[in-house]
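S.K.: One line per chain: the protein sequences are A and B, in this order.
Residues in the first sequence are numbered consecutively from 204, following my numbering.
Residues in the second sequence are numbered consecutively from 204, following my numbering.
For each residue, glycine too, the CB sits at the ideal point set by N, CA and C.
Have a look at this one.
There are 2 protein chains.
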Amino acid sequence: MDNLPKASMESMRRVNEITGKQVPTFSIDMLDKDAFRDLFKKHKILCVMHFAGLKTVEESCHKPLLYYKTNIGGTISLLEGMKEFGVYNMIFSSSAAVYGSPSYLPIDEKHPVGGCINPYGKTKYFIEEILKDNCSAEKQWNVVLLRYFNPVGAHVTGKLGEDPQGIPSDLMPYVSHVAVGRVKELTVYGVDYDTPDGTEVRDYINVVDWAQGHVAALKYLEKDCGFKVFNLGTGKGYCVIEMAKAFETASGKPVPYKIAGRHAGDIASCYADASLVEKELGWKAKLDLAKMCEDSMVLAIQ
Amino acid sequence: MDNLPKASMESMRRVNEITGKQVPTFSIDMLDKDAFRDLFKKHKILCVMHFAGLKTVEESCHKPLLYYKTNIGGTISLLEGMKEFGVYNMIFSSSAAVYGSPSYLPIDEKHPVGGCINPYGKTKYFIEEILKDNCSAEKQWNVVLLRYFNPVGAHVTGKLGEDPQGIPSDLMPYVSHVAVGRVKELTVYGVDYDTPDGTEVRDYINVVDWAQGHVAALKYLEKDCGFKVFNLGTGKGYCVIEMAKAFETASGKPVPYKIAGRHAGDIASCYADASLVEKELGWKAKLDLAKMCEDSMVLAIQ
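Written out as structure tokens, the structure reads:
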């Protein structure tokens, strides 16, 4: 179910092609209660994976009301609808953004939350609190929060992956667009961070690993797990320049870059302690940076 | 404008009687956009004092979704409506609850916020963040957040004040009901706190002082103040037993009490540093505990 503000039904067509299955898909706005009710009436739904929401940090700073209304209002509306139809299982797309600027590394799930500096991150944090309070009040709920680090890459076929228009704001599509010559050069924002090469360190997780983390969470919900929180990351951090070099290797093309000042509000390093999710869900990221870059290249050259 | 879920138009009739003015009053739900628009079309509105919201801590723990939807959804809807009609001035009813368990006393406006332990307090904190982000994104807004400590007492005529049904959950109406014999005895929850007499310490502010704080904030908004935060408290803390004794003096009646264990989640002491609001708004609480108790008695015996 998606109202497709920034996505396309083409992606679902490709999911069907890759899996050889027909995944029922509905073009519905989550805030449209009538359409929502109709869907829940017609289908037996065991669990909702809640990915809906606006997710661009910069836009959230300029249109905070839109973000709060869509993300928080949408989630409350969804929870009410689920309750109406007796559906009490949810996996929620949270974000490492809820940790704010890390007070230690790697970040485990006990790290303090709430120090978010932009409205996007705050919507994730506020929704986490709403889901937690809802689970405390009504014990029949099972909710798994997955705090995403940096999902990147593509399916090995290159048929699924991030395909932004214009100059991408996220690093990996940006680098891949440079590697295929669609963008002239990479701009590296900040080379004076306290990191191995001075550039920002992030925990990049391949989207296929990431998807399999959700399948593991789905199985975990069957245990009537209550309210649980897991990091979805690899546990490894990579610098921007490492990423550019890995792309040069994967593509056999140069990735020229220029250096610019830091982005306001960006943090130096952010990577997960991924031990709890491995212990509890039996899930672990399998694909390394080289493989993520290769798959991104397959996507970029299509 | 009030949808009157827990209030009565009788209060407004008494406001008109006391002031000798007819205050235009509308029985409208803030979430009813059509009614809201109609009101904003018909009247020239310079500032919104936003008191709307559910406010019972215990209920919020049992019905968190109702609280998040009403308080946060209501505020977002109100802000959108104000924007539509070019009204950019707001005074918002926040609460000392946003400070959570104080890390120092007295609490000034720079004290960290967000450590709220119940959904009611979180709704106040989340709304503060939404208002702050909205002011950052659109510079034409002027918003004064007033963080209330414990408003109590009544208008000197006894015609206006808190008049709960059944056993009151707030201390002052509880004590006054005991003083007039409507309730047998006061239960004191916790006598082993680290406070002068072992009972909880709070900063009680008379409702008339409190109302005058809002008038001062309204004048302050005329300066195009942007986003500002002030404590609305007296700066003095009183224990539960002090409060009971003051009521015995005010009423000439005994206030018997029994001792019980602490309420889960209650904090020992909470009182304001009220110097910033005095400096910036020129406002200061005038009425002392004895006067608050006298006025509450006038209300209770009616």
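Please name the residue, chosen from M500(A), E388(A) and S230(A), that lies closest to V359(A) on a Cα-to-Cα basis.
M.R.: In the first sequence, residue 359(A) corresponds to position 156, counting from 1. With distances taken between Cα atoms, V359(A) lies closest to M500(A).
S.K.: Taking 7 Å as the CB-CB cut-off, is L424(A) touching chain B?
M.R.: Locating residue 424(A) in the first sequence gives position 221, where the first residue counts as 1. So, not an interface residue.
S.K.: Assuming C252(B) is part of the beta strand (DSSP E), what are its boundary residues?
M.R.: In the second sequence, the residue the question calls residue 252(B) occupies position 49. Residue 252(B) is actually Met in this sequence, not Cys. Unbroken beta strand (DSSP E) run through M252(B): V251 to H253.
S.K.: Nearest-angstrom Cα distance between Y441(A) and D397(A)?
M.R.: Start at 1 with the first residue of the first sequence, and residue 441(A) comes out as number 238. Start at 1 with the first residue of the first sequence, and residue 397(A) comes out as number 194. When rounded, the distance between both Cα atoms is 13 Å.
S.K.: Helix, strand or coil for A357(B), going by three-state DSSP, please let me know.
M.R.: Along the second sequence, read from residue 1 onward, the residue named residue 357(B) stands at position 154. Of the three classes helix, strand and coil, the one that applies to A357(B) here is strand, per DSSP.
S.K.: What do you reckon, are the CB atoms on D427(B) and N345(B) nearer than 7 Å?
M.R.: Counting from 1 along the second sequence, the entry for residue 427(B) is found at position 224. Counting from 1 along the second sequence, the entry for residue 345(B) is found at position 142. Taking 7 Å as the Cβ cut-off, D427(B) and N345(B) qualify as a contacting pair.
S.K.: For H458(A) and Q505(A), I'd like the C-alpha separation in whole angstroms.
M.R.: Numbered from 1 along the first sequence, position 255 holds the residue referred to as residue 458(A). Numbered from 1 along the first sequence, position 302 holds the residue referred to as residue 505(A). Residue identity check: residue 458(A) is Val in the sequence provided, not His. Each residue's Cα considered, the two are about 19 Å apart.
S.K.: So the candidates are Q415(B), G438(B) and G455(B); which of them puts its Cα closest to the Cα of L484(B)?
M.R.: For this step, residue 484(B) is matched to residue 281 along the second sequence. L484(B) has its Cα closest to that of Q415(B), out of Q415(B), G438(B) and G455(B).
S.K.: Can you grab the Cα-Cα spacing for the pair I320(A) / S297(A), in whole Å?
M.R.: If you number the first sequence from 1, residue 320(A) lands on position 117. If you number the first sequence from 1, residue 297(A) lands on position 94. Roughly 15 Å separates the two Cα atoms.
S.K.: What's the C-alpha gap between E447(B) and I275(B)?
M.R.: In the second sequence, the residue the question calls residue 447(B) occupies position 244. In the second sequence, the residue the question calls residue 275(B) occupies position 72. One detail in the question is off: residue 447(B) reads as Ala in this sequence, not Glu. Cα-Cα distance, rounded: 36 Å.
S.K.: In whole angstroms, give me the CA-to-CA distance for G356(A) and S214(A).
M.R.: Position 153 of the first sequence, counted from the first residue, corresponds to residue 356(A). Position 11 of the first sequence, counted from the first residue, corresponds to residue 214(A). Approximately 15 Å between the Cα atoms of the pair.
S.K.: So, helix, strand or coil for F229(B), using DSSP?
M.R.: As a first step, residue 229(B) must be located in the second sequence, where it is residue number 26. F229(B): coil per DSSP, three-state reduction.
S.K.: Determine the DSSP secondary structure at A488(A), reduced to helix, strand or coil.
M.R.: Along the first sequence, read from residue 1 onward, the residue named residue 488(A) stands at position 285. Looking at A488(A) - three-state DSSP - the assignment turns out to be coil, as it is neither helix nor strand.
S.K.: So with CB distances below 8 Å, who are the chain A contacts of N337(B)?
M.R.: Indexing the second sequence from 1 puts residue 337(B) at position 134. Neighbours of N337(B) on chain A, chain order: P267 and L268.
S.K.: Using a Cβ cut-off of 7 Å, which residues of the region 315-329 of chain B contact any Cβ in chain A, in chain order?
M.R.: For the region 315-329 of chain B, which is checked against every Cβ of chain A, the residues closer than 7 Å are G317, P322, K325 and F329.
S.K.: Closer than 7 Å, Cβ to Cβ, to anything on chain B: give me those residues from the region 270-292 of chain A, in chain order.
M.R.: Going along the region 270-292 of chain A in chain order, one finds Y271, K272, I275, G276, I279, L282 and E283 with a Cβ nearer than 7 Å to chain B.
S.K.: Using a beta-carbon distance below 7 Å, is E332(B) in contact with chain A?
M.R.: As a first step, residue 332(B) is located in the second sequence; it is residue number 129 there, counting from the start. Yes, its Cβ sits closer than 7 Å to a Cβ of chain A.
S.K.: Answer yes or no: does any C-beta atom of chain A fall closer than 7 Å to that of A471(B)?
M.R.: For the purposes of this step, residue 471(B) is identified with residue 268 of the second sequence, where counting begins at 1. No, because no Cβ of chain A sits closer than 7 Å to the Cβ of A471(B).
S.K.: By the criterion of Cβ-Cβ separation under 8 Å, what are the contact partners of C264(B) in chain A?
M.R.: By one-based count along the second sequence, residue 264(B) stands at place 61. Result: D336, S339 and A340.
S.K.: Report yes if the CB atom of L492(A) is closer than 7 Å to the CB atom of L282(B), and no otherwise.
M.R.: The sequence position of residue 492(A) within the first sequence is 289, counting from 1. The sequence position of residue 282(B) within the second sequence is 79, counting from 1. No, these two residues do not count as a Cβ contact at 7 Å.
S.K.: I need the DSSP call for F288(B), collapsed to helix, strand or coil.
M.R.: Indexing the second sequence from 1 puts residue 288(B) at position 85. F288(B) falls in the coil class under three-state DSSP.
S.K.: Roughly how far, in whole angstroms, is the beta-carbon of R405(A) from the beta-carbon of Y474(A), given that I think they are within contact range, below 8 Å?
M.R.: Position 202 of the first sequence, counting from 1, holds the residue named residue 405(A). Position 271 of the first sequence, counting from 1, holds the residue named residue 474(A). Indeed, because the Cβ distance is near 7 Å, the residues count as touching under 8 Å.
S.K.: Could you have a look at A296(A) and say whether DSSP puts it in helix, strand or coil?
M.R.: Walking along the first sequence from the start, residue 296(A) turns up at place 93. The displayed chain sequence assigns Ser, not Ala, to residue 296(A). In this structure, S296(A) counts as strand in the three-state DSSP scheme.
S.K.: Is the beta carbon of G384(B) closer than 7 Å to that of L502(B)?
M.R.: Stepping through the second sequence from its first residue, residue 502(B) is reached at position 299. Stepping through the second sequence from its first residue, residue 384(B) is reached at position 181. For L502(B) and G384(B), no; Cβs fall outside 7 Å.
S.K.: In this structure, how does DSSP classify A503(B) when only helix, strand and coil are distinguished?
M.R.: Translated into positions along the second sequence, residue 503(B) becomes position 300. Three-state result, A503(B): helix.
S.K.: How many Å lie between I330(B) and G324(B) at the Cα?
M.R.: Counting from one through the second sequence, the residue named residue 330(B) turns up at place 127. Counting from one through the second sequence, the residue named residue 324(B) turns up at place 121. C-alpha separation (whole angstroms): 10 Å.
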